[in-house]
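In mature numbering (1 follows the signal peptide of the UniProt record, and there is no 0), the protein residues as written are -19 to -1, 1 to 865.
Beta carbons are placed, not taken as given, at the ideal position from N, Cα and C, and that holds for glycine.
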Amino acid sequence: MVRSALFVSLLATITGAIARGSGHASKIVPGAYIFEFENDHDTAEFYKQLNGEGSTRMKFDYKLFKGVSVQLKDLSNHEDKAQKMAQLPAVKNMWPVTLIQAPNPKVEWVAGTNSLPSIQSRDVYPPPTDDGNFPPHKMVQIDKLRAKGYTGKGVKVAVIDTGIDYTHPALGGCYGAGCLVSFGTDLVGDNYSGFNTPVPDNDPKDCAGHGTHVAGIIAAQKNQYGFTGGAPDVTLGAYRVFGCEGQAGNDVLIAAYNKAFEDGAQIITASIGGPSGWAEEPWAVAVTRIVNAGVPCTVSAGNDGDHGLFYASTAANGKKVLAVASVDNQNIPTVFSLSSYKIDSGADTKFGYVPSSKGAEGWKGVTKPVYALTLDTTIADDGCSPLPDNTPDLSDHIVLVRRGSCTFVQKAQNVAAKGGKYLLYYNTIAGALSVEVSSVPQIIGAGMVEDSTGATWIAAIKAGKTVTLSMVALNEATKQVQFADNKATGGALSTYTSWGPTWEMDVKPQISSPGGNILSTYPVALGGYATLSGTSMACPLTAAAVALVAQARSSFDPVLLENLLATTANPQLFNDGTQFYDFLAPVAQQGGGLIQAYDAAFATTLLSPSSLSFNDTDHFISKRQITLKNTSKNRVTYKIGHVPTDTFYTLANSSGYAAPFPNDAVASHASVRLSQQQVTVPAGRSITVDVFPTPPRGVDAKRLGLWSGYITVNGTDGSHLSVPYQGLTGSLQKQQVLFPEDSWISNSTDTNLNPVANGTVFTIPGPGNAGPSDVLPALVVSPALGTRLVRADLVLLSAPPHGSKITTKKFFDTTSIGQPSGSPLLWQSRGPTPISWSGELTDNKFAPPGTYKVVFHALRIFGNEKKKEDWYVSESPAFTIKYA
Ligand SMILES: *[C@@H]1O[C@H](CO)[C@@H](O)[C@H](O)[C@H]1NC(C)=O
Ligand SMILES: *[C@@H]1O[C@H](CO)[C@@H](O)[C@H](O)[C@H]1NC(C)=O
Ligand SMILES: *[C@@H]1O[C@H](CO)[C@@H](O)[C@H](O)[C@H]1NC(C)=O
Ligand SMILES: *[C@@H]1O[C@H](CO)[C@@H](O)[C@H](O)[C@H]1NC(C)=O
Ligand SMILES: *[C@@H]1O[C@H](CO)[C@@H](O)[C@H](O)[C@H]1NC(C)=O
Ligand SMILES: *[C@@H]1O[C@H](CO)[C@@H](O)[C@H](O)[C@H]1NC(C)=O
Ligand SMILES: *[C@@H]1O[C@H](CO)[C@@H](O)[C@H](O)[C@H]1NC(C)=O
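So, in structure tokens, the structure goes:
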């Protein structure tokens, strides 16, 4: 009992674990630990204690982090051993190694797949964009900084990711001194999965794709698609932390950050993370130290927007870490293959189409008239029902069908039933996408054209004319990138962008940047170019903006840069994925708003801090201050005001559980009193303005209403600055984080974590013999809200096996035989986490066969683990284990 309680309190103050993506597990690598050393202590004692019982995963010999991560050999005894080593005077901190999943942006389009031409062999006509016209750059004023000659020249930007394909012609084509990718390392090797020991080498080449896309967003050189990265004259460092597949340990991420820092990186960016919401998680702690040492660090906010409020991701959730949310591109890039049409015997006119995956070859030499299923260009369900009996034989036509209502395949089947072989869909919006109809073998050629192209043809047919298409097959067609106006969500926060704040009410994210539908480089072997969507894409564009602003201001001070970016950003209106509303997106979704790099670079009034949090009702802060510093010589007067937005509910109505996106909003907002409403600040001086909020009325505190808005500072010179603020109506401390029904038993091989029937019998391999493919009981706990500590205790329900001596332990009212290996869980987000249980206990013994229940205790937010009333309890159904 004593030892195990010590384990809990030790870990509770110093350790971290990462809750995994999609609401799933914080995966701990069994037997792997990070030990941070006290600088002034001899570590010989540490290695003596280790005594060959463990192998070194990573060595941390860094200014800001000294220590080692080790893989202990004896897995039946590892927690005990780690515990003892943590007591040594040389050891300052001990954390289990936990895993972060590789990032998962949505791949919208990839060049070169499906027998598309290789990047070298085909011209793009006409060059679609000049430097200044690339839509994401215009959205954040990078175009204006570039027009003034800022290119990030000489700035060292480290990219922590899957590596970079530096052989790519648009990424310099080489690696090392004098190359665009000039520094970095591979910390893990191709075969690294997260669980095995990393095998570092010096070659950070990318085999996965993600890092190459990220690198191009920062620094791509001009190419046949016509775009460049945001800061094309920086020099990139590639720090590879993922193998070709799999996950990365937090020890690897901590090492990568520290290595990049010591290699002289001036900006470090990582589009990596997993749900947590706790700034004390060790990777977040390591990044915060680097920011405090003067290096700005940008980290993607996460792609879990569908989970709603309070779903911040680590390491973005770290203090002073610049967490970047994603905004949808104003213009969606579509790569069209050009063909031509004529109306009656008129002139050939070019049009673009996006071929389906199987249509690449099928369109070769096809010249046929168009047959439109209807002439109504607003029809919702064109081709969704079997075509009428009087439909002619369609085999000698190119059939035109409007997108919508039913699947592309259903439409293709109906067309094929009337003999159709060639099929073009026309879109309901601008742009087009690649459709998949390969399951309909009769269709030889398929593809999509834009809404406007379809409308042009149908108007001609309506007028009694014949529209004839001369198709050029994919391989021969000239390619054209078109940027289609994204009216529905352009400039809006992407629905997938993860919402803050943290469980301790720190404002997250800080800022937003375009991340939806971003064209960039991709590994040559994977096609060379791709369009991806994710906060993974928003983060590197922000890193590029930081490089340009730092160059313009000759300062890399992270606090200054964060203040400038957040206070000059443009807050965007709320959008639920289909339409805009007349109120701003809340601070928990967009931070300060869409960054405006030019304004940040040339602001002469420095507004700080980057955000204000008034905490929750229990810890309400009635006054905070903003500061204006005048560095200008020109006469300006500032008016200070307040633009609130709606209050968003965290929890579903009459429920203790979080609601998914889009959360209910109430048109009620805080009122704010300011100590001054108009200021003129003497040259070189600062003034502070007090901000006194009154929380909104009519908000149901039981649902945890997050209120937010912007303190606005408008100058007579036309400048607009703002500081985002937030507060919570409700009590995080009193809110139940675990309900009785929040734990269950599932099957360790079931990734959906469905509960098994009460009393399920698991026959598991004998003690110490379980492998990853064995079906074990998964002890699942699913906190309703975040909790920094969850422990599991096993209660034996059946009679102890004959002759066995059971020693019991007590944790408050629970009498158990001990905790399963893997308990406790630390720094949890909300949602289910399984502990796959092989029968092993934390005290290195194995539980006797028998029937058990698990009693989970989860610590309330701001709770004290010594107080019984600060723990919530959930008991699992019964299950039985037998050893094979
Ligand atoms: C990677 O793993 C494979 C399969 O486990 C093995 O055959 C190969 O030798 C490993 N490669 C390296 C570089 O370790
Ligand atoms: C809110 O109050 C709690 C308890 O005092 C504190 O731990 C936390 O840091 C506060 N959060 C903010 C943003 O001030
Ligand atoms: C900054 O100082 C200058 C010089 O005294 C003054 O003209 C200007 O109005 C001041 N700006 C602000 C924002 O107070
Ligand atoms: C500042 O400008 C914004 C945007 O134009 C406006 O919404 C806000 O009310 C203005 N604030 C003041 C104090 O004039
Ligand atoms: C919330 O639920 C209560 C009772 O279940 C109901 O009376 C109330 O109308 C609901 N409120 C909203 C906003 O749906
Ligand atoms: C666990 O799931 C596997 C398939 O994933 C199934 O074959 C097995 O019967 C299940 N076992 C139990 C105990 O539910
Ligand atoms: C589950 O099984 C246990 C023992 O096998 C039994 O005591 C308990 O009543 C059962 N619970 C339910 C809800 O059926």
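In the DSSP assignment, SER433 falls within the unbroken alpha helix (DSSP H) covering 432 to 443. Within the model, the alpha-carbon separation for SER163 versus VAL266 is close to 28 Å.
In terms of Cβ geometry, TYR14 and ASN239 do not form a close pair [threshold 7 Å].
Secondary-structure assignment with DSSP links VAL660 through a beta bridge to TYR619.
The C-alpha of TYR352 lies about 11 Å from the C-alpha of LYS446. Counting along the chain, ALA304 sits inside the beta strand (DSSP E) bounded by residues 303 to 309.
Judged by the Cβ position, ASN644 fails to qualify as a neighbour of ligand 5 at the 6 Å threshold, every heavy atom of the ligand being at least this far.
Taking the C-beta atoms as reference points, GLU19 is found nearer than 7 Å to ALA71. For LYS29, the enclosing alpha helix (DSSP H) stretches over residues 25 to 31.
One alpha carbon belongs to GLY749, the other to MET486, and they sit about 43 Å apart. GLY696 has its CB no nearer than 6 Å to any heavy atom of ligand 4. Here DSSP, grouped into helix, strand and coil, assigns GLN570 to helix. For secondary structure counted as the beta strand (DSSP E) over 3 or more consecutive residues, the segment 748 to 780 holds these complete runs in sequence order: 758 to 762, 768 to 777. Contact annotation, PRO676 with THR710: C-beta distance approximately 5 Å; criterion of less than 8 Å satisfied.
Not one heavy atom of ligand 5 sits closer than 6 Å to the Cβ of SER649. The three-state secondary structure of LEU687, taken from DSSP, is strand. Note that the segment 670 to 689 does not touch the segment 805 to 825; fewer than 3 beta-carbon pairs, one per stretch, sit closer than 8 Å.
Rounded to the nearest whole angstrom, the CA to CA distance from GLY153 to GLN570 is 36 Å.
Fully enclosed alpha helix (DSSP H) runs of no fewer than 4 residues occupy 340 to 343 of the segment 331 to 383, in order along the chain. Residue range 605 to 611 is occupied by the beta strand (DSSP E) that includes LEU609. At least one heavy atom of ligand 5 is found less than 6 Å from the C-beta of SER635. Exclusion of the five residues before and after SER320 leaves PHE332, TYR334, LEU450, SER451, MET452, VAL453, ALA458 as the residues of its chain whose Cβ lies within less than 7 Å of its Cβ.
For LYS47, the three-state secondary structure derived from DSSP is strand. Under the criterion of beta carbons closer than 8 Å, TYR619 and VAL568 do not qualify as touching, at roughly 21 Å.
Short note on SER700: C-beta not closer than 6 Å to any heavy atom of ligand 3. Under the three-state reduction of DSSP, GLY515 is assigned to coil, being neither helix nor strand. Taking C-beta atoms under 8 Å as the contact rule, LYS125 and TYR579 qualify, at a distance of about 4 Å. In this structure PHE595 touches GLY708 by the C-beta definition: roughly 4 Å separates them, less than 8 Å. The segment 268 to 279 and the segment 298 to 310 touch, with no fewer than 3 CB-CB distances between them shorter than 8 Å.
Cβ-Cβ distances below 8 Å link VAL448 to TYR322, LYS323, ILE324, PRO350, VAL351, TRP438, ALA441, ILE442 in the same chain, with the five nearest sequence neighbours on each side left out; the list follows chain order. Looking at the backbone, the Cα of VAL527 and that of LEU161 are separated by about 18 Å. In this structure the segment 654 to 668 does not lie against the segment 826 to 833, because fewer than three pairs of beta carbons, one per stretch, are closer than 8 Å. When only Cα atoms are considered, VAL10 and ASN284 end up about 24 Å apart. LEU507 sits buried, since 16 or more C-beta atoms from the chains shown fall within 10 Å of its C-beta. Contact between the segment 223 to 241 and the segment 202 to 211 is absent, with fewer than three C-beta pairs closer than 8 Å. Measuring C-alpha to C-alpha distances from LEU474 to each of ASP287, ALA524, ILE425, SER433 identifies ASP287 as the nearest.
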